[in-house]
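Everything below concerns the one structure shown next.
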């Protein structure tokens, strides 16, 4: 498991992920993305279907809320991120050497 400490003092972890197909009573069929941290299984996200139109939503816990994001929006965000989102180290490498500045 790779991790680092961020300025806001939360630990970033990249644990192995598992996909679990689930059928909770009264909730249809869903796909759960889980991670095991310190021996405990945590839900990272759950893909659910809307009862009215079967559209797919990514459900993510945030504090006291279950936030649902349309899968179509999530796909667009991921597509936009490819090639556009970079680490601070990447930007540092793009700077010309000090002798050229």
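Numbering (this note's numbering), first residue to last: 1 to 101. Heads up, the beta-carbon is just placed ideally off N, CA and C, and yes, glycines get one too.
Status (buried if at least 16 other CB within 10 Å, exposed otherwise) for residue 58: Numbered from its first residue, the chain shown carries residue 58 at position 58. Its Cβ being crowded by 16 or more others within 10 Å, residue 58 is buried.
Stretch pair the stretch 77–89 + the stretch 59–68: three plus CB contacts closer than 8 Å: Cβ pair count under 8 Å is below three, so no.
Per DSSP, cross-strand counterpart(s) of residue 65: Looking up residue 65 in the chain shown gives position 65. Residue 65 pairs with 62.
According to DSSP, residues forming a beta bridge with residue 18: By 1-based counting over the chain shown, the position of residue 18 is 18. BP columns for residue 18 point to 34.
First through last residue of the alpha helix (DSSP H) which encompasses residue 41: Along the chain shown, read from residue 1 onward, the residue named residue 41 stands at position 41. In the DSSP annotation of this structure, residue 41 is not part of any alpha helix (DSSP H); the continuous beta strand (DSSP E) holding it starts and ends at 40–49.
Neighbourhood of residue 102 by C-beta distance below 7 Å, restricted to the same chain and skipping five residues each side: The first residue shown for the chain is 1 and the last is 101, placing residue 102 beyond what the model contains.
Per-residue burial, residue 36 [other beta carbons within 10 Å of its own, 16 or more giving buried]: Walking along the chain shown from the start, residue 36 turns up at place 36. Here residue 36 is exposed, its C-beta having fewer than 16 other C-beta atoms within 10 Å.
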